Amino acid sequence: MGRFGQISDVVGAVVFLASPAAALVSGTTLMVDGGWTAQ
């Protein structure tokens, strides 16, 4: 991706995690970093 993320890049993940759709998500680290940690 080659750039630093903006708030608009992570808002989808935040909305998902705050919604009932994420009710069964627990005990995990969700990396929303554009692949920086995968390098």
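Throughout the sequence shown, residue numbering follows our numbering, covering 1 to 39 in sequence. Where is the CB? At the ideal position from N, CA and C, for every residue including glycine. Remember, it's a predicted structure, so these values are computed and weren't measured experimentally.
- DSSP, read as helix, strand or coil, puts A21 in helix.
- Pairing V11 with V32, the inter-Cα distance amounts to about 10 Å.
- At least 8 Å separates the beta-carbon of A18 from that of L30.
- In the three-state scheme derived from DSSP, where H, G and I count as helix and E and B as strand, T29 is classed as coil.
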